[in-house]
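Protein chains in written order, with our numbering: chain A, 7 to 209; chain B, 7 to 209. Glycine included, C-beta positions come from ideal geometry on N, C-alpha and C. This one's a predicted model, so the numbers in the text were calculated from it and none came from an experiment.
Number of protein chains: 2
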Amino acid sequence: MPKKVDREQRRRQIAEAVLRLTAEQGLDAVSLRDVAAEAGVSMGMVQHYFTSKDRMLLFACAYMIERTNRRLQQQIAARPCPRSARATLRTVLVELLPLDEERRAGTRVWTAFLARAAVELDLEAFMRTTWVASHAFIADQIRSGQESGEIPAHVSPDRAAVRALALADGLVSHVLVGHYSATQALAAVDTYLDELFAGSSDS
Amino acid sequence: MPKKVDREQRRRQIAEAVLRLTAEQGLDAVSLRDVAAEAGVSMGMVQHYFTSKDRMLLFACAYMIERTNRRLQQQIAARPCPRSARATLRTVLVELLPLDEERRAGTRVWTAFLARAAVELDLEAFMRTTWVASHAFIADQIRSGQESGEIPAHVSPDRAAVRALALADGLVSHVLVGHYSATQALAAVDTYLDELFAGSSDS
């Protein structure tokens with residue numbers, strides 16, 4: 007099956023070019039011509055793999071999310087066992103923040119896709135799916151923290167997940183433009199986790 | 007001074023065209039040509055009032071913020087006296103959410119500017135200034151809630167303002183793409199305010 011492998015590899019190569027261009031110059035700069043030049047392939051080849059700019063952007067967005075999730079799973083797996091719910095939740099919330107150049111680039115791309123999702127329904131549906139998965143993961147961690155006795159039983163995992171995700175995504179924008187510092191954002195995450203694990207939040 | 011009035015009126019007319027186009031089609035769609043057509047003026051006139059696309063966008067963004075602030079002040083002023091800190095804070099946090107078509111359009115525009123701010127320094131500085139003002143306003147409301155005895159003295163106004171603003175801005179994105187419903191977002195705001203006013207948050 008070498009042909010299929012090549013095909014996927016080529017699509018990823020193009021997606022990486024889209025992500026680099028978007029991180030550096032914003033989505034405005036992403037034309038088929040620029041993507042082809044950045045990926046080192048012909049415009050015809052980009053058109054062969056993606057029938058429209060929107061399909062190319064959707065694939066690039068999915069590819070970015072997949073990469074973020076993989077990095078997140080590696081971060082979680084790297085922590086010593088037994089892993090506490092708190093450590094896992096903190097890893098997820100902190101990993102979303104643009105605290106190094108790689109995550110800053112990822113956040114710039116995510117924000118560009120979010121803006122486009124406001125006027126492009128397929129992308130909007132995709133971002134919603136991504137957030138549904140994040141919400142479910144956070145709620146699951148809270149439930150497992152309740153089973154291990156780390157989080158009081160009266161906390162609502164669902165309501166707490168809304169709060170945790172909103173806190174993280176708000177901080178993402180604020181840190182991106184330099185409104186809040188890394189220190190302020192990390193303090194907000196830790197204070198929130200203190201309250202969640204003490205049972206004084208979303209009870 | 008009729009000439010100056012005309013000039014400002016004309017700039018606002020162009021800014022409104024920018025905001026309508028951005029809300030409907032995203033910032034990609036905002037060319038000088040399209041803005042001129044939407045505003046019903048010539049391209050030459052747009053270029054006369056704004057020396058570059060970036061300066062036009064910056065003016066449109068500032069105009070939108072000014073309009074939002076005015077609406078917010080009207081909402082606050084419309085509430086019966088004496089106004090509690092809680093009612094004012096709730097008005098601010100809820101008014102930011104895209105819960106009707108006008109605010110949805112505003113949020114689409116804000117998100118588009120945020121994405122562009124990631125690659126355009128003047129706009130980034132402007133958004134930071136806007137958030138600094140929001141943060142200061144929220145912290146002031148918390149301080150006045152402490153003076154009136156509504157909020158316990160041990161709460162840190164500054165840390166609480168970080169949390170409140172992050173919660174609101176996270177929910178803005180989630181509601182915009184339809185990930186969380188209005189009910190979920192309002193419940194998250196109210197639960198947060200319950201905790202803040204009970205002194206169980208950011209203490």
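Note on residue 138 of chain B: under 16 other CB atoms within 10 angstroms of its CB, so exposed under the neighbour-count rule. According to the DSSP assignment, residue 185 of chain B belongs to no alpha helix (DSSP H), since it is labelled neither H nor E.
Judged by DSSP in its simplified three-state form, residue 30 of chain A adopts helix. Taking the Cα positions, residue 64 of chain A is about 12 Å away from residue 20 of chain A.
In this chain, the alpha helix (DSSP H) harbouring residue 54 of chain A covers 49 to 55. Linking residue 123 of chain B to residue 58 of chain B through their CA atoms gives a straight-line distance of about 16 Å.
In this structure, residue 151 of chain B lies away from residue 175 of chain A, with their beta-carbon atoms at least 7 Å apart.
Of A/22, A/86 and A/95, the smallest CA-CA separation from residue 144 of chain A is found for A/95. For residue 57 of chain A, no chain B residue has a C-beta closer than 8 Å to its own C-beta; the minimum C-beta separation is roughly 19 Å. Within the region 171 to 187 of chain A, 171, 172, 173, 174, 175, 176, 177, 178, 179, 180, 182, 183, 184, 185 and 186 place their CB atoms closer than 9 Å to a CB of chain B, listed in sequence order. Contact check for residue 195 of chain B against residue 38 of chain B fails: the beta carbons are separated by 7 Å or more.
Residue environment: residue 109 of chain B is assigned as buried (16 or more neighbouring CB atoms within 10 Å of its CB, all protein chains considered).
In the displayed model, residue 156 of chain B falls within coil according to three-state DSSP, outside both helix and strand. Proximity of residue 189 of chain B to chain A, defined by a Cβ-Cβ separation below 7 Å, is not satisfied.
Chain-ordered listing is empty here: chain B has no CB closer than 8 Å to the CB of residue 74 of chain A, the nearest sitting near 16 Å.
With 16 or more other Cβ atoms from the protein chains shown falling within 10 Å of its own Cβ, residue 27 of chain A counts as buried. Secondary structure of residue 110 of chain B (DSSP, three-state): helix. In this structure, A/149 is the residue among A/171, A/178, A/149 and A/184 with its C-alpha nearest to the C-alpha of residue 205 of chain A.
Among the residues of the region 29 to 56 of chain B, those with a Cβ less than 9 Å away from any Cβ of chain A are 29, 30, 31, 32, 33, 34 and 35, in the order of the chain. Boundaries cannot be given for residue 105 of chain A, as no alpha helix (DSSP H) includes it and DSSP labels it neither H nor E. Separation of residue 22 of chain B and residue 190 of chain A (C-alpha to C-alpha, rounded to the nearest whole angstrom) is 36 Å. When secondary structure is reduced to three states using DSSP, residue 46 of chain B falls in the coil class, being assigned neither helix nor strand.
At a Cβ-Cβ threshold of 7 Å, residue 173 of chain B and residue 172 of chain A count as neighbours.
Close to residue 161 of chain B, with beta-carbon spacing below 7 Å, lies no residue of chain A; the smallest spacing is near 11 Å. Secondary structure at residue 164 of chain B: helix, using DSSP grouped into helix, strand and coil. By the CB criterion at 7 Å, residue 147 of chain A and residue 91 of chain A fall inside the cutoff.
In the three-state reduction of the DSSP assignment, residue 87 of chain B falls in the coil class. Here residue 176 of chain A carries a helix assignment [DSSP, helix/strand/coil]. At a cut-off of 7 Å, the C-beta of residue 197 of chain A has a neighbouring C-beta in chain B. Chain order gives the chain A residues near residue 124 of chain B as 32, 113, 114, 117, 118, 182 and 183, where near means a beta carbon separation below 8 Å. Comparing alpha carbon positions, the residue from B/62, B/166, B/141 and B/197 closest to residue 166 of chain A is B/197.
Under the three-state reduction of DSSP, residue 126 of chain A is assigned to coil, being neither helix nor strand. The beta carbon of residue 156 of chain A lies closer than 8 Å to those of 90, 91, 92 and 203 in the same chain, with the five residues before and after it left out. Residues of chain B with a Cβ closer than 8 Å to the Cβ of residue 193 of chain A are, in chain order, 165 and 168. By the neighbour-count definition (other C-beta atoms within 10 Å, threshold 16), residue 87 of chain B is an exposed residue.
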